[in-house]
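**Q** One structure follows; several queries about it will come next.
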Amino acid sequence: MRDNRPTAEVVMRLLQLSDSALPIGTFSFSNTLESAVEWGVVGDRESLQEYCSELLRVVALTDGVAALHALKACNRARYDDILRADKLLFCSKASDEARLMTQRMGRKLAELGVALATSENNPTEEHKASATILRWHDDIRSGKAAGCCAVSQGIIASTFGIGEEALFASLCYSAAMMILSAALRSMRVTHIVTQQIIGEICHLAEPLLAEARGLTVEDMQSFALEYDIMASLHEKGDKRLFMN
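Position one of the sequence shown corresponds to residue 998 (our numbering), numbered consecutively onward.
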């Protein structure tokens, strides 16, 4: 979003990449919520909102930081910085489930990014960032890159002229909706309640963005005791609706 004045095309791209129907497998994961519900950590609206808010902070200060750095590195044609952000983000994931989730979604998003950037009559085809998404996709397939989803998001944002604020908002929205969509299948909660929760946690985005902007990729910290315990329990559980 150049000069903070998004064009209608860029807004449509942002909506496309934030859509829950985006075919990258988001619906397959609960981001530990399934275990939180099973073990009684989350059981009503208040605890769901609290859990979602805490997880949003973890995502913002790990995935959010990496996505912002990938966007800037892509804009500056510094591909090695993209790979470094990817490596450090992958290492920040404490559980096997979190690593699996970010890799599977990141690979699918990279594949989609390539298809969008190189489609017939696409005006961005000659954009310098289009070459980056192609290279990124190749490196994921060859194993040179872990292929974290947030890094794919940053590269695609650069490819289509989406700025930092919009990228960060999209990432936070997607993370929150992953949890809330899982809540609809895991507990007694209505669509209206999940939308109310989204509305009530929107105020967290701005301060989290300011905090994320002040961090380097070396500063990323994913520690959240309750979340890590739930992830561990989900990996070892013998009943589930979602992938682990």
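Every residue, glycine too, gets a C-beta built ideally from N, C-alpha and C. Given the structure is predicted, the values throughout are model-derived calculations rather than measurements.
Excluding the 5 residues preceding and the 5 following alanine 1142 in the sequence, name in chain order all residues of the same chain whose CB lies nearer than 7 Å to its CB.
**A** Around alanine 1142: Leu1080, Asp1083, Trp1133, Asp1136.
**Q** With contact counted as at least three CB pairs below 8 Å, one residue from each stretch, are the segment 1204-1213 and the segment 1089-1109 in contact?
**A** As far as the Cβ criterion goes, the segment 1204-1213 does not touch the segment 1089-1109, which means the pair count is below three.
**Q** Express the C-alpha separation of alanine 1064 and methionine 1174 in angstroms, rounding to a whole number.
**A** For methionine 1174 and alanine 1064, the distance between alpha carbons rounds to 18 Å.
**Q** Give me, in chain order, the residues of the same chain whose beta-carbon lies closer than 7 Å to that of alanine 1221; leave out the 5 immediate sequence neighbours on both sides.
**A** Within the same chain, alanine 1221 has close Cβ partners Glu1051, Val1055.
**Q** On the three-state DSSP scale, how would you describe valine 1038?
**A** Three-state DSSP puts valine 1038 in coil, outside helix and strand.
**Q** If we ignore side chains and look at the alpha-carbon of each, how far apart do isoleucine 1153 and arginine 1010 end up?
**A** Rounded to whole angstroms, isoleucine 1153 to arginine 1010 spans 10 Å at the Cα level.
**Q** Considering only C-alpha positions, which residue in the set Leu1109, Asp1225, Thr1187, Thr1213 is nearest to glutamine 1013?
**A** It is Leu1109.
**Q** Restricting to Cα atoms, I'd like to know which of Gly1103, Gly1160, Ser1127, Cys1049 is closest to leucine 1113.
**A** Of Gly1103, Gly1160, Ser1127, Cys1049, the residue nearest in Cα terms is Ser1127.
**Q** Quick one: grab the DSSP three-state call for leucine 1019.
**A** Reduced to three states, the DSSP call for leucine 1019 is coil.
**Q** Report yes if the CB atom of glycine 1151 is closer than 8 Å to the CB atom of alanine 1057, and no otherwise.
**A** No, Cβ-Cβ distance for glycine 1151 and alanine 1057 is not below 8 Å.
**Q** So, using beta-carbon positions, are serine 1242 and serine 1089 closer together than 8 Å?
**A** A question about residue 1242 goes unanswered here, because the residues of the chain that appear run from 998 up to 1241.
**Q** Return yes when the C-beta of methionine 1227 is under 7 Å from any heavy atom of the ligand GTP, and no when it is not.
**A** For the structure depicted, the ligand GTP is absent and the ligand set is empty, with no information on it obtainable.
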